[in-house]
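Protein chains in written order, with our numbering: chain F, 59 to 139; chain U, 1299 to 1514.
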């Protein structure tokens, strides 16, 4: 079955939903077909996915040192325990 | 490097803890919220954008959660409920601080605009794992996050840092699921624009398999 081509702009609009698996199989297929032939959209996709991986790694955000101790103290002061 | 801590707690155990705290065992409150310290802090930080304010807001949010614990509906997720309180606290504080500074009204809640066009087509295939520990990367992430509009940043943090579902994100931020999706797209593309070119110079390791494509 021939795939109906989609434009780059259409691909960018859906790239985030594509990463999240929030698109129907037909659109997914058309996007995958587009990525094969479009270097630019592949680069955008790789980059966006890398952003998600980097930020989701969990190491980018730490609690400030002493956070838990100060929270515990504040809770004890305010609500007792 | 230790893997990021993932909190898994039996929901039944959590409900039992909530009931005990509500019944007067206040000393169990910290144990109840301890797994969510980080989520609540990150939620507060996504709005406040600085450590001191985010910590203050997080503490206030936990106190508010304690005061309202009896009104927590067991069918929703406790973590989402806490995050929602933190977001509200943070927004209130931001509004108050702004008022004190400029005596201005709240920022207009503009609707999501049209398409976002990528700034370039920098090719960014790999993330060498060691870069995750590098301070330059952390700083670059902070800078890129700070440059996002609050409405995009908040959604991005909820989804891609806190790993909330689209529904939970909509609930925590008080917006529609459609808005979550469009704002997330915008945030991810803008973050890519900010980070992909930097990957070349600032913190890239390894050989130069890098190339930039600018068709216009």
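Yeah, the Cβ is synthetic: ideal placement off N, Cα and C, and Gly gets one too.
Pick from the options that is closest to residue i, judged by C-alpha positions
i              : options                        : result
residue 1461/U : 1377/U, 1343/U, 1313/U, 1435/U : 1377/U
residue 1471/U : 1308/U, 1494/U, 1416/U, 1381/U : 1381/U
residue 72/F   : 1413/U, 1417/U, 1493/U         : 1413/U
residue 1450/U : 1485/U, 1307/U, 1349/U, 1320/U : 1485/U
residue 1369/U : 1398/U, 1313/U, 1395/U, 1389/U : 1313/U
residue 1385/U : 1361/U, 1326/U, 1355/U         : 1355/U
residue 130/F  : 1371/U, 1366/U, 1353/U, 1372/U : 1353/U
residue 1335/U : 1480/U, 1361/U, 1310/U         : 1361/U
residue 1372/U : 1320/U, 1344/U, 1487/U         : 1320/U
residue 1445/U : 1307/U, 1347/U, 1375/U, 1331/U : 1347/U
residue 132/F  : 1398/U, 1328/U, 1383/U         : 1328/U
residue 1310/U : 1374/U, 1366/U, 1325/U         : 1374/U
residue 116/F  : 1457/U, 1364/U, 1490/U         : 1457/U
residue 1415/U : 1433/U, 1350/U, 1467/U, 1492/U : 1492/U
Within chain U, the residues that residue i reaches when beta carbons sit closer than 7 Å
i             : result
residue 106/F : 1486, 1487, 1490
residue 122/F : 1349, 1353
residue 136/F : 1361
Chain-ordered chain U contacts of residue i [CB-CB under 9 Å]
i            : result
residue 79/F : Those within 9 Å of residue 79/F in chain U number zero; the least Cβ separation is about 11 Å.
Cβ of residue i within 8 Å of any chain F Cβ
i              : result
residue 1355/U : no
residue 1341/U : no
residue 1335/U : yes
residue 1367/U : no
residue 1436/U : yes
residue 1413/U : yes
residue 1403/U : Because residue 1403/U carries a pLDDT of 45, less than 50, the predicted location of this residue cannot be relied on, and the following value inherits that uncertainty. By this cut-off, residue 1403/U is not an interface position.
residue 1483/U : yes
residue 1441/U : no
residue 1324/U : yes
residue 1391/U : no
residue 1397/U : no
residue 1479/U : yes
Residue-chain proximity (residue i, chain U), Cβ-Cβ < 8 Å
i             : result
residue 98/F  : yes
residue 109/F : yes
residue 71/F  : yes
residue 86/F  : no
residue 113/F : yes
residue 93/F  : no
residue 74/F  : yes
residue 126/F : yes
residue 67/F  : yes
Interface partners of residue i on chain F, CB under 8 Å
i              : result
residue 1328/U : 129, 130, 133, 139
Closer than 7 Å at the beta carbon, the chain F residues around residue i
i              : result
residue 1360/U : 129, 133
residue 1364/U : 137
residue 1494/U : 105
residue 1375/U : Result: empty, since nearest Cβ-Cβ is about 19 Å, beyond 7 Å.
Beta-carbon proximity of residue i to residue j, cut-off 8 Å
i              : j              : result
residue 1494/U : residue 105/F  : yes
residue 125/F  : residue 1339/U : yes
residue 119/F  : residue 1459/U : yes
residue 67/F   : residue 88/F   : no
residue 1345/U : residue 1392/U : yes
residue 137/F  : residue 107/F  : no
residue 109/F  : residue 1490/U : yes
residue 1363/U : residue 1316/U : no
Chain-ordered chain F contacts of residue i [CB-CB under 9 Å]
i              : result
residue 1451/U : Simply none; closest approach about 11 Å.
residue 1459/U : 113, 114, 116, 118, 119
residue 1379/U : The premise fails here: residue 1379/U is roughly 17 Å from chain F at the closest Cβ pair, so nothing lies under 9 Å.
Under 8 Å by beta carbon: chain U residues contacting residue i
i             : result
residue 102/F : 1416, 1419, 1487, 1490
C-beta neighbour in chain B for residue i, strict 8 Å
i              : result
residue 1372/U : This model lacks chain B altogether; the protein chains it does include are F and U.
Contact test: residue i Cβ vs the ligand HEM heavy atom, cutoff 7 Å
i              : result
residue 1443/U : As for the ligand HEM, it is missing from this structure, which has no ligand bound.
### Task
Quick one: which unbroken alpha helix (DSSP H) runs of 4-plus residues sit fully inside the region 69-136 of chain F? Chain order, please.
83-95, 97-114
#### Entry: Complete runs of the alpha helix (DSSP H) confined to the region 1309-1365 of chain U [at least 4 residues]
Segments of the alpha helix (DSSP H) lying fully in the region 1309-1365 of chain U: 1309-1320, 1327-1331, 1335-1346, 1349-1365.
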